[in-house]
Structures are given as C-alpha cells and as structure tokens.
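Residue numbers (this note's numbering), protein chains in the order written: chain A, 1 to 415; chain B, 416 to 565.
Heads up: the structure comes next, in structure tokens.
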Amino acid sequence: MFDVELVRRDFPILQRTVHGKPLVYLDNAATSQKPLAVIDALVEYYERYNANIHRGLHTLSEEATSRYEEAREKVRRFINAPGRESVIFTRNATESINLVAYAWGRAKVRVGDEIVLTVMEHHSNLVPWQVLAKETGARLRFVDIDDEGRLRDDWREMIGEKTRLVALTQMSNVLGTINPVREIADLAHQHGAAVLVDGAQSVAHMPVDVQELDCDFLAFSSHKMLGPTGVGVLYARRRILEDMTPMLSGGHMISKVSLEDTTWNEIPSRFEAGTPNIADVIAFGAAIDYLEGIGMEVVRRHDMELTAYALDVLGQIPGVALYGPRDASIRGAAVAFNYGDLHPHDLGTALDSYGIAIRAGHHCAQPLMTRLGVTATARASFHIYNRREEIDVLAEGIQEAAKFFGDAISARTRA
Amino acid sequence: MPEPELDELYKDLILDHYRRPRNRHSVAEPKIVGEGFNPLCGDEIAVEAHFDGDVLSDVGFEGRGCSISQASGSMMTEAVKGKTAAEAKALIDAFTRMMTDPDFQPSDGLGDLEAFAGVAKYPVRVKCATLAWHALLDLLSRRGEVQGEG
Numbered sequence: 001m002f003d004v005e006l007v008r009r010d011f012p013i014l015q016r017t018v019h020g021k022p023l024v025y026l027d028n029a030a031t032s033q034k035p036l037a038v039i040d041a042l043v044e045y046y047e048r049y050n051a052n053i054h055r056g057l058h059t060l061s062e063e064a065t066s067r068y069e070e071a072r073e074k075v076r077r078f079i080n081a082p083g084r085e086s087v088i089f090t091r092n093a094t095e096s097i098n099l100v101a102y103a104w105g106r107a108k109v110r111v112g113d114e115i116v117l118t119v120m121e122h123h124s125n126l127v128p129w130q131v132l133a134k135e136t137g138a139r140l141r142f143v144d145i146d147d148e149g150r151l152r153d154d155w156r157e158m159i160g161e162k163t164r165l166v167a168l169t170q171m172s173n174v175l176g177t178i179n180p181v182r183e184i185a186d187l188a189h190q191h192g193a194a195v196l197v198d199g200a201q202s203v204a205h206m207p208v209d210v211q212e213l214d215c216d217f218l219a220f221s222s223h224k225m226l227g228p229t230g231v232g233v234l235y236a237r238r239r240i241l242e243d244m245t246p247m248l249s250g251g252h253m254i255s256k257v258s259l260e261d262t263t264w265n266e267i268p269s270r271f272e273a274g275t276p277n278i279a280d281v282i283a284f285g286a287a288i289d290y291l292e293g294i295g296m297e298v299v300r301r302h303d304m305e306l307t308a309y310a311l312d313v314l315g316q317i318p319g320v321a322l323y324g325p326r327d328a329s330i331r332g333a334a335v336a337f338n339y340g341d342l343h344p345h346d347l348g349t350a351l352d353s354y355g356i357a358i359r360a361g362h363h364c365a366q367p368l369m370t371r372l373g374v375t376a377t378a379r380a381s382f383h384i385y386n387r388r389e390e391i392d393v394l395a396e397g398i399q400e401a402a403k404f405f406g407d408a409i410s411a412r413t414r415a
Numbered sequence: 416m417p418e419p420e421l422d423e424l425y426k427d428l429i430l431d432h433y434r435r436p437r438n439r440h441s442v443a444e445p446k447i448v449g450e451g452f453n454p455l456c457g458d459e460i461a462v463e464a465h466f467d468g469d470v471l472s473d474v475g476f477e478g479r480g481c482s483i484s485q486a487s488g489s490m491m492t493e494a495v496k497g498k499t500a501a502e503a504k505a506l507i508d509a510f511t512r513m514m515t516d517p518d519f520q521p522s523d524g525l526g527d528l529e530a531f532a533g534v535a536k537y538p539v540r541v542k543c544a545t546l547a548w549h550a551l552l553d554l555l556s557r558r559g560e561v562q563g564e565g
C-alpha cells in the first residue's frame, strides 16, 4: 500500500524550510529530489571503493567496475532493453540526443532528407536537429498541436518517403501531453525512418518499455528520476550502435591503438570515452532500485491523482489560465499556468517567499511558448513525494500573490 | 537572519511604475534605438532616444516582461531624460553597482532608483532590473558608432 508520508521520510530535503515556511517543492520537471538511498550510495562509493573502472586489477577497481556495470543492468531492466550493450551512459539527456545527432545523424542524414519533430519539443530535442539540418541540407518539419496541447494528426501525412528521422518527446515538459509514440514509430518504420524518443519526463514518471515503443533511440537523465545530476542514458538499438562511429574518442573506447590508427572498442564502451561519472552512475542504480521498490505503475497513478487535483483546484481560481490537456489520464504531472497578466517571474518570486518552488519561464521550449501565444508560463510539477495539501498551499499562494500585486494586474489587464 | 520580505523587493514605487509606465512612447526622428533581451525569460525592452547635441532630450521605451523589468524601464527613462550621454553612462554604472556590488552605499545620486536596491537580494531578478539599462548602454554604443567614436 502506497503511503506518501512514508515516502516523504526518505527525502531529507523535504524537512527544510524556505523563508521560514515548510518547503513545497513543485519543480520536479526541472529536477527531482533525492532519497537517502541515493545519497548513501554516493557516500558509500567514496568512502569504500572509489577507484577507476575497467582497468585496475585491484579489489577496489573490481568492486567499482562491477557496481557500475550493475547499474547498466538495472537501467536495461528498467526500460526493458533487449541487451546491456544498448545502454550508454552520458552526462544528461541533452548529451544523449547530441550523440545521436553527431554520430548517427552526420553519417545517415543527407540533403533533401526530412526530420520530423513536434512544436512541443524541449530545446534539447530541437537545437541539435537544427544544427544537423544546416550542416546536411536536411529539412525540419513540425507536427502541430491542437488547442488543448495534444499532438495533431498531421504526422500521418508528414511522415513519408523523405523522412529519415522522427524525434519527439514522449511527455511534454510544459503541457504534460503524452504522445502516441508507438503509432508514430510504426508509420516511421514503414518508411524506413528512425525514431528517437525524448524520455526525459516520461521515463521518470511512467513505465517505459523500449520494445513496446519500438523506438530506435531513447534519451533520458538520472536527475529527474530521483538520481544524481551528471548522468544521462542513451538507449539505442544494437544494430544501429554497431554501425555507429563514436562522437568522443580517447581512453576506454578503443580496442587497439597504434601511433597512426585505432580500432574501436565493442559497444557500449565505444561511446563512453574517458573515465565516466562512476559515483553518480552507481547512485543512479540506487534511484532505480528505489523507484522499482515503489513501482512505476504506482508513480504514474500518484502523478495522475495529483495532476487531476491540481487541474481542478487551479482551474477554479478566477484568472488562472491552464495549458495542456484537461484529462489527467493522457498527460504527465507538469501543469503550466498563468495568472491574469501577472508575469510568471513575479508570481514565482512571490510563491518562493511563501516557501513554494515552481518554475517560471519558457521551460526551454520557446517555440512552444510562441505557439501558445505567451512569452512564459508558471509551471508546477509533481513527483512521488508530493501530496494534495501542497497543491492547496500552491492555490492559496497564487491567491495571496494576486492580492499582493492587486490592482497592478487588473489595471494592466484593463489598459 | 531576517527573511527578505516581498514588499522589500516590490516597493510601492516599483509597482506604481509597473501599473502606469511613464515614457512608454516613441520619440521623434532622428532617433537611436537600443535593445535588451533576457534569454532566461524572453523579456525584451527597446529604448529610444532623441538627442539635442549631447543631451537625451526625449527618451521612450517599449517592451514586455515582469514588473521589475518594466518598472525599471519606466524609471530609467525618467532618470536619464535631459541628461548628457556621459551623465547617462555614469547612471548606468551606478545602477549596475547597486545591483551587483554588496558594498554599495547609495550615494551616487540614484534618487528614486534606490527603490531597486532590494532586488540585489534576489540574484535571479537582477537581470530583470538591469534589462532596460543594458538596452540604454546598447543605445549609447550605437550612437558612438553613428558618430564614429566607436
């Protein structure tokens, strides 16, 4: 039986106060907090078996290597990848996507090819493709959204013979929208195109199975799923990886080196040049254990309950505009909103003074802001340790802020 | 440690300028325009000035953004109107110091602009307060280019 109060005890940071008020942390789409098990794993590594991996013959190095590779196995199981060699550790989801753009994109994408994206992409799944398109002469195309922030069916016409790659988010970091990745992947594959899924939000909040999605690439990061910063994952199909040359070169990724030439190491080592982020990868493994202990189905259900409650409570405040689908069953736990013409930064500062942490800004999705006709929004986003009472505190905070700015808002709205 | 209070940041004067921005208008030709953009939030401000010799005889601004950035634009235009380019530059420096220098003592003739002193306690909002001033700096440097003083 899931008990949010028990879960909260695992997160030391939730005990702290901000400006004299209990912390209400609602910025999980930016980064999540870390349970003690993750913090302990970091400490244990540095106190007990800090050593470089894959090279030393001594005990510490063997222990560190085996824990590092165990983490890879945990990731494999978590996303149901067929093999461990398909799991590459990077610094973050952004680096994972860049790795595909550089190592796969530059070899496979040609002038006249099309890359299909959506208007709701985070800059990390947009800018690398802009760079690639400029270099190769490929054309970017964008699937639009409807008034509730759901993906339009445009992709059915857009994906065709010219499509080389479809790259899209599984769960929008602004709208919360969950996209029909499998359907899109099926059509893309019919036309011989590859499919990259930005799973930065989805993998952290719902069960994700790469075989079920049938995607060719999946990018996500540890820090949004209770793990440390500095670790990302790129999952890629084995046959694609075997054909890919590395983006970074140097130590560990080699098989044989002479002064003039080098043969690449096997996958995934080929893509992990240099000493990796050993401690954080191992602690990421602890985060996966923690999430599996709760169960991703439970995380998803908790998210849905909080999101439905937030949409209801915030939607009842006069002057609040909500973005994204109204149905919590088709969206994730990120709720973007605005209050009148109060700038989200003013709202964010006011809420912070009440101890409430939200995000305010363009959420690294400026084209989506343009599409929504705003420059910025506020965003509350939840994870497993959030509770309904915190959404009540948020709602009170918004009304308190509205009172504070008072006629400054209404005067401008009238003007 | 005393907690920073919301009304220390949002002084009445700031909210008043946010509510009723002054000099939100275009100035007569010939004019020089400077721009400021904050990539963090997408806020932007354009400042324009008409010069009589070395004096900014009319100054106006346009833009969109939070209360701090817009009030700062409004109060900046009031502060620099009628000043020489060199005086305006000195005011930019003093304002920037107020925002970034913890040892700043308000004695540099900032007047009403001291209302923004509380912003320095909110590091993420400093860029909001200085946005209009960056635009003014941009304007002055463009004037330098126009006059070949570059």
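Each residue gets a CB set at the ideal place from its N, CA and C atoms; glycine is no exception.
- At a cut-off of 4 residues, the continuous stretches assigned as alpha helix (DSSP H) that sit fully inside the stretch 136-195 of chain A are 155-158, 181-190.
- For the pair histidine 440/B and glycine 475/B, the CB atoms are nearer than the 8 Å cut-off.
- When Cβ-Cβ separations below 8 Å define contact, glycine 480/B makes contact with chain A.
- Here alanine 71/A really is in contact with phenylalanine 284/A; their C-beta atoms are around 6 Å apart, less than 8 Å.
- Under DSSP, the beta-bridge partners assigned to alanine 360/A are Ala378/A.
- Against chain A, the CB of leucine 455/B has a partner CB under 8 Å away; the residue lies at that interface.
- Asparagine 453/B: member of the beta strand (DSSP E) spanning 447-453, first to last residue.
- Counting only Cβ-Cβ distances below 8 Å, threonine 375/A has contacts in chain B at Cys456, Gly457, Asp458, Arg479, Gly480, in chain order.
- Taking 3 residues as the minimum length, the beta strand (DSSP E) runs contained wholly in the stretch 284-326 of chain A are 320-322, in order along the chain.
- The alpha-carbon of methionine 1/A is positioned some 48 Å away from that of isoleucine 254/A.
- Contact annotation: the stretch 387-400 of chain A does not touch the stretch 54-66 of chain A, with fewer than three C-beta pairs closer than 8 Å.
- Aspartate 346/A reaches chain B at Cys481, Ser482, counting residues in chain order whose Cβ is nearer than 7 Å.
- With a cut-off of 8 Å on Cβ pairs, the stretch 69-83 of chain A is not in contact with the stretch 320-329 of chain A, counting fewer than three such pairs.
- DSSP places threonine 90/A in the strand class (E or B) of the three-state scheme.
- By the Cβ neighbour-count rule, glycine 451/B is buried, with 16 or more other Cβ atoms within 10 Å of its own.
- Closest option to glutamate 47/A, judged by alpha-carbon separation, among Ala279/A, Asn80/A, Met225/A: Ala279/A.
- Residue pairing by DSSP puts proline 22/A in a beta bridge opposite Thr17/A.
- Counting along the chain, no beta strand (DSSP E) covers tyrosine 354/A, and no H or E run does either.
- Taking the Cα positions, alanine 500/B is about 13 Å away from threonine 492/B.
- A contact is defined here as three or more CB-CB pairs under 8 Å, and the stretch 478-486 of chain B fails this definition with respect to the stretch 501-510 of chain B.
- Looking at the DSSP output, asparagine 338/A bridges to Ala321/A.
- According to DSSP, residue pairing for leucine 471/B in a beta bridge involves Phe466/B.
- With respect to chain A, the C-beta atom of arginine 439/B has no partner C-beta closer than 8 Å.
- Contact between isoleucine 240/A and histidine 302/A is absent: CB atoms are separated by about 35 Å, not below the 8 Å threshold.
- With respect to isoleucine 460/B, alanine 547/B sits close: the two C-beta atoms are nearer than 8 Å.
- Positions of the beta strand (DSSP E) runs, each at least 3 residues long and wholly inside the stretch 186-270 of chain A, are given as 194-198, 217-221, 232-236, 254-257, 262-264 in order along the chain.
- Excluding residues up to 5 positions away in sequence, Arg139, Arg141, Lys162, Thr163 lie with their Cβ nearer than 6 Å to the Cβ of glutamate 114/A in the same chain.
- Around asparagine 98/A, the same chain offers Pro128 as residues with beta carbons nearer than 6 Å, after the five sequence neighbours per side are excluded.
- In the structure shown, the three-state DSSP call for glutamate 114/A is strand.
- Secondary structure of alanine 29/A (DSSP, three-state): coil.
- Within the stretch 328-359 of chain A, those residues whose Cβ lies closer than 7 Å to any Cβ of chain B are, in chain order, His343, His345, Asp346, Thr349, Ala350, Ser353.
- Counting only residues of its own chain and dropping the five nearest sequence neighbours on each side, alanine 395/A has a CB closer than 7 Å to the CB of Val313, Leu314, Ile317.
- Secondary structure of phenylalanine 476/B (DSSP, three-state): strand.
- Cα atoms of serine 353/A and proline 344/A: separation of roughly 14 Å, rounded to the nearest angstrom.
- By the Cβ criterion, the stretch 202-217 of chain A is in contact with the stretch 169-177 of chain A, since at least three pairs of Cβ atoms, one from each stretch, lie closer than 8 Å.
- The Cβ of glycine 361/A sits closer than 8 Å to at least one Cβ of chain B.
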